[in-house]
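Chains as they are written, first to last, in my numbering: chain U, 111 to 840; chain X, 3 to 327.
The beta-carbon is built from N, C-alpha and C at its ideal position, and this holds for glycine as well.
Fair warning: this is a prediction, and the values are worked out from it, not measured in the lab.
First the structure, in the form of C-alpha cells, and then the observations on it.
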C-alpha cells in the first residue's frame with residue numbers, strides 16, 4: 111500500500127454494518143440520562159424554576175439548575191476562546207443569551223423519563239427585548255470579547271484601494287448576503303462522562319481530542335493525566351464539533367454533582383441552540399479594473415452576526431487579498447451582535463462566504479467588461495501571494511484552469527439561455543481556494559515482529575478517511591500491505607495530534623506519521639546493520655544494494671518484539687499552529703465549472719453537471735480525496751440553492767430546528783460530478799508534498815451557480831440561497 | 003413522551019371498537035403519528051395498531067371506478083396498473099411524496115390525515131399556534147410565512163395542507179369512505195380538510211373514533227398529470243403543486259379538473275377556471291386567462307405574493323402535461 115494508491119476507507123465495513131461504537135452508543139454502569147430544559151425566550155432572566163412536576167415523574171433523579179452546579183476553577187480564566195467556543199456557560203447564572211440556552215438539566219434513569227422531566231420543569235422568565243443580529247448595526251470586533259479576533263486580521267490595507275477604484279475605467283460595487291446555516295452532521299453531538307477518584311473519563315464526538323482534554327483541565331482545575339478523552343468515531347464534523355461547547359462542560363459537571371456517569375445526546379433541535387452555525391453575512395465588494403480586465407483596486411468589507419457574549423469573526427475578506435494580483439486592496443471585518451448562539455467555523459470557513467461574494471463580483475465585472483470570466487481570472491493570475499508579495503509554496507492553478515476548461519468544454523459551451531424544453535441552460539465558473547493551516551501533531555508507529563504495524567495518534571477521523579490515509583502513509587514508508595497496518599486514534603492516551611479541521615490533518619498529523627514511520631525504518635536499518643538513509647522497503651522486506659531481508663527476520667535476529675518510532679510536526683517557531691512554510695505562503699487552488707438548468711416560470715433551479723479541478727499538492731488517496739471534493743461541491747450546491755436557517759423576527763427562535771424545514775441536497779439533486787487533481791508535489795510543505803483539501807471543494811461553488819443562473823436567465827441573485835421566489839422575481 | 007397503551011386490532015370491527023376509547027389514536031404506517039408523539043403535538047392514551055387488520059389494502063375495480071383500501075401502502079398504490087394507467091395524476095403525486103422508504107410504510111388512508119408542516123405548528127417547544135393550542139394565536143401571521151397560504155386563510159391560521167395525494171384525489175373527485183359505530187360516511191376529498199374559517203384548530207372532518215377504510219375513484223382519467231414544485235428534487239413538501247385531469251375532444255379540452263396543493267388548508271380546485279377551459283386547446287394563450295379567473299379570489303399574505311404567480315404558472319404547465327399524458 112503506497113501513497114497515491116486508491117484505498118477504500120478502513121472504517122467503511124464497521125460503519126456500514128452498524129458495528130461502529132459512537133459516543134452515544136457507549137453505556138456505563140449506573141449512568142443517568144440528561145435532558146436540557148431550553149430557554150423559551152431569546153433574552154432576559156430566569157425568575158424561578160419549579161422542578162416539582164419533573165421530580166414527580168418516575169425515573170427522574172435530579173433537576174439541576176444554576177444553584178446546583180459547581181463554578182469553574184480559577185484556571186478556567188486562562189483558557190483561550192477558542193478552543194473553548196464560548197466563556198458563557200449556561201447554568202452558571204440567570205441571564206439568557208439566546209433562545210434554547212439550557213436553563214436546567216434533568217437527570218433520569220431513562221432517556222424517556224429525562225425528556226418527560228424536561229418538559230415538566232416550570233420556568234418563569236422575565237423576558238427582555240432581543241436583538242436580531244441581521245438587523246444590528248455593524249461594529250468593530252472587540253478583542254476583549256473572546257479571542258476570535260486574534261485568528262486573522264480585521265483590517266488589511268495595501269495601496270489606496272478607494273482611490274484606485276475611483277480612478278478605474280471599469281467599476282462595480284455590489285452587496286452580497288447569505289443566511290445563517292447550520293451544518294447538522296448526521297450524528298448529533300453526544301457526550302458521556304464518568305468520574306473516578308478525581309479523574310474523569312469523557313466519551314465524546316469531536317474534531318479535536320486534545321482541545322476537550324485541555325478545556326476540561328481548565329474548567330475543573332485538573333492535570334492533563336486526570337482527564338481521559340475518547341472520540342473513536344465521529345459521525346461527521348463540519349465545524350460544530352470543532353471547538354468545545356457548553357454541553358461538553360455541563361455533562362462532566364453534572365456527573366460530578368450526582369456522583370454517577372451522565373450521558374447526553376443533543377436532539378436535532380438542540381443542535382440549533384447549543385453549537386454554532388455559519389453566520390449570516392453581508393459583504394460589500396467593489397472592484398476597479400482597466401479595459402483589459404486587470405484589477406486596479408479591490409475593496410471587500412464584510413460583517414457577520416455574532417452572539418452577545420463574544421465577538422466571533424467570519425474572516426470572509428481573505429479571498430480579496432489572496433486570490434488575484436492587485437496593488438490596491440482594502441479589507442475590513444465588522445460584527446453584528448444579537449441574541450443567537452455564537453457562530454463557529456463551519457465548512458468552509460472564511461473562504462466559503464468570501465468566495466461567494468468575490469466570485470460573484472468577478473463575474474459581474476467580466477460581464478461589464480464583456481470578457482470571458484475565465485479570461486478575467488487569467489488576466490489577474492497571482493504569481494506571488496498578493497498581500498505579501500512572497501512566492502507561493504506551490505501553485506498550479508493555470509494547469510487546473512486548463513484541465514478544467516477542457517474537461518467541462520468551457521471554451522465551446524452553448525450560449526447562456528439555450529433552451530431544453532421549459533429549461534434554460536446556464537454556465538458559470540468561479541475560483542476555489544482555501545488557505546493552509548497546520549497544527550502541532552505527534553504520532554507513534556510500532557512495527558511488530560510479525561510484520562504488522564500500528565499507527566497511534568489522537569487524531570479524530572470525522573468520516574473523511576484520516577485513519578485510512580495515516581495507515582497508508584505508514585505502509586508506504588514501511589513497505590507493508592494494507593492489511594498489515596492498523597491504527598489507534600481518537601484517544602487522549604495516544605500521542606497528541608492536532609485538530610481535524612481547516613484541512614489540516616494530513617499535512618500536520620500525516621507528516622508526524624511519516625516521520626514516525628521513517629524513524630522506524632531507520633531503526634530497522636540499524637538493526638540490520640545498514641545505513642538508514644540508503645535502505646528501501648518492498649513486500650515486507652528491507653532492501654539495501656540489491657539485498658533484501660524480511661522485516662520479521664531482522665526483528666527475530668535482533669531479539670526484539672517490536673520497533674517503535676515517534677514523529678512530530680511542529681509549526682513554525684514552535685507555535686500551536688501556522689499557515690504554512692515560513693516565507694512561502696501556502697494555499698490550495700482550483701476552479702469549479704457548473705451547468706445549471708433554470709425553469710423561470712416555475713422558479714426551479716437544478717444542477718446538470720459540474721467539473722472541479724484542483725491544484726492541492728500531492729494526493730495521498732485519490733478515492734478519499736475525490737470524496738472530499740464531491741462532498742464539498744454538494745455542500746456548495748446546498749449553500750447556493752436551498753440551505754438557510756431563519757430567525758423568527760418576533761420570537762427570536764430559529765424558524766425550523768430540524769431537517770424537515772431546512773432543505774439540504776438529496777442524492778436526486780446531484781448529477782455525476784467530475785473531479786480531477788493536477789499532478790503536483792509541494793516540496794516546501796514537508797516530506798509528503800501534500801496540502802489540505804477538506805475545505806477546498808465547497809469554496810467557489812455558490813458563486814459559480816449564481817453566475818450560471820445569470821447566464822441562463824439574466825437574473826443576478828446577490829442573496830443566497832437562490833430559491834424559487836428569487837427566480838420568479840427575475 | 004407520555005406512556006400509552008398499545009392494542010393490535012385483529013379486524014376492522016375490533017379496530018372500530020377499540021377506537022371508541024377516550025383519547026385513542028389509530029396507527030397505520032406510523033410515519034406521522036410517531037412524529038406527533040415525539041414533538042408533543044399529541045399524546046394519545048391508547049394507540050390502536052391497524053397492521054393486522056385484513057382486507058383493507060386492496061386496489062380493485064368497482065363499478066364506474068376504482069376502490070383503494072385505506073391500508074394500501076403508498077408505493078403499492080402508485081405502482082398498481084389500475085392506478086398507474088388509469089389515474090397517472092395519482093400515481094405521480096404519490097411517487098413525488100416523501101421518500102421511497104416512507105412510501106413503503108405510509109398508507110393511502112393515513113396520508114390525508116397528516117397535519118400541517120407549518121414550522122410553528124411543528125416547533126418542539128410550542129410556538130403560538132391555534133392548531134397546536136387553540137386560542138394561542140398564529141405565530142406565522144406575524145412571523146415568517148412565505149410558504150403559507152394564498153387562498154382561504156384567516157388571521158387564526160395561514161398554514162397550508164402539505165400532502166400530495168389529496169391534491170390528485172381532489173382533481174379526480176375522489177371520495178373518502180369511513181366507518182364508525184354510528185355509521186360510516188362518504189366524504190368528498192375536496193371537503194375532507196377543514197378551512198380555518200370553519201375551525202382553525204381542526205385539520206379534517208373526521209370524528210373521534212372514525213376510521214378511513216377506503217378511497218373511491220370515479221371513472222379513469224388517463225389524461226392527467228401532477229406537477230410538484232420544490233427547492234430540491236426529492237423528499238420535500240411542495241412549495242406549490244398542481245394536479246390536472248382532462249377530457250379531450252380531439253385537440254380541445256372538453257372537461258378540465260384542476261387542483262392546486264400547498265396553497266390553502268385543503269386542495270384548491272380552480273372551479274372558475276375549469277368552466278372557462280372547456281373548448282380551449284391545452285396550449286392556447288387563452289388558457290392563462292381562464293386560469294386567472296380562479297385567482298380573483300387569491301388573497302396572498304405579505305410573504306406569499308410570489309406564490310400567486312407560481313401557482314398560476316403551475317396550473318398552466320400541468321394542463322400542458324396532462325394533455326401530453
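Roughly how many angstroms separate the alpha carbons of residue i and residue j, rounded to a whole number?
| i | j | result |
| --- | --- | --- |
| residue 723/U | residue 699/U | 9 Å |
| residue 710/U | residue 534/U | 8 Å |
| residue 713/U | residue 827/U | 13 Å |
| residue 160/U | residue 31/X | 39 Å |
| residue 755/U | residue 745/U | 15 Å |
| residue 587/U | residue 546/U | 25 Å |
| residue 333/X | residue 135/X | Residue 333/X cannot be examined here, being either before or after the span of chain X that is shown, 3 to 327. |
| residue 728/U | residue 505/U | 12 Å |
| residue 376/U | residue 768/U | 12 Å |
| residue 655/U | residue 799/U | 26 Å |
| residue 351/U | residue 317/U | 6 Å |
| residue 65/X | residue 770/U | 41 Å |
| residue 664/U | residue 673/U | 10 Å |
| residue 490/U | residue 543/U | 15 Å |
| residue 573/U | residue 345/U | 6 Å |
| residue 702/U | residue 814/U | 7 Å |
DSSP has residue i in a bridge; who is on the other side?
| i | result |
| --- | --- |
| residue 787/U | 724/U |
| residue 544/U | 698/U |
| residue 205/U | 155/U |
| residue 373/U | 143/U and 302/U |
| residue 10/X | 51/X |
| residue 709/U | 714/U |
| residue 393/U | 286/U and 412/U |
| residue 70/X | 61/X and 217/X |
Do residue i and residue j have their C-beta atoms closer together than 9 Å?
| i | j | result |
| --- | --- | --- |
| residue 262/X | residue 242/X | yes |
| residue 190/X | residue 240/X | no |
| residue 415/U | residue 450/U | yes |
| residue 549/U | residue 614/U | yes |
| residue 365/U | residue 310/U | yes |
| residue 839/U | residue 825/U | yes |
| residue 553/U | residue 619/U | yes |
| residue 71/X | residue 59/X | yes |
| residue 541/U | residue 487/U | yes |
| residue 179/X | residue 231/X | no |
| residue 531/U | residue 706/U | no |
| residue 617/U | residue 795/U | yes |
| residue 282/X | residue 298/X | no |
Give every residue of the same chain whose Cβ lies closer than 6 Å to the Cβ of residue i, excluding the five residues on either side of it in the sequence, and list them in chain order.
| i | result |
| --- | --- |
| residue 285/U | 394 |
| residue 296/X | 272, 274 and 275 |
| residue 596/U | 564 |
| residue 305/U | 365 and 366 |
| residue 419/U | 196, 198 and 207 |
| residue 716/U | 707 |
| residue 14/X | 55 |
At a cut-off of 8 Å, would you count residue i as near the ligand FMN, judging by its Cβ distance to the nearest heavy atom?
| i | result |
| --- | --- |
| residue 269/X | Annotation note on the ligand FMN: not contained in the displayed structure, which lists no ligands. |
Ignore the nearest five residues each way along the sequence and tell me which others in residue i's own chain have a CB closer than 8 Å to its CB.
| i | result |
| --- | --- |
| residue 774/U | 294, 748, 752 and 753 |
| residue 25/X | 46, 47 and 48 |
| residue 18/X | 181, 182, 183, 211 and 213 |
| residue 111/U | 117, 581, 582, 585, 586, 590, 591, 592 and 595 |
Less than 7 Å between C-beta atoms, sequence neighbours within five positions excluded: which residues of the same chain meet that for residue i?
| i | result |
| --- | --- |
| residue 300/X | 152, 153 and 310 |
**Message:** Give the list of continuous beta strand (DSSP E) stretches no shorter than 3 residues that lie fully inside the segment 238-287 of chain U.
**Reply:** Segments of the beta strand (DSSP E) lying fully in the segment 238-287 of chain U: 265-268.
**Message:** Could you tell me which whole alpha helix (DSSP H) segments of length 4 or greater appear in the segment 82-169 of chain X?
**Reply:** Assignment of alpha helix (DSSP H) within the segment 82-169 of chain X, counting only whole runs of 4 or more residues, yields 83-88, 90-97, 102-107 and 141-144 in chain order.
**beta strand (DSSP E) segments (min. 3 residues) lying fully within the segment 174-262 of chain X** = Listed in chain order, the beta strand (DSSP E) runs fully inside the segment 174-262 of chain X are 177-181, 188-190, 213-219, 226-231 and 242-251, counting runs of at least 3 residues.
**beta strand (DSSP E) runs contained entirely in the segment 435-512 of chain U, provided each spans 3 or more residues** = At a cut-off of 3 residues, the continuous stretches assigned as beta strand (DSSP E) that sit fully inside the segment 435-512 of chain U are 439-447.
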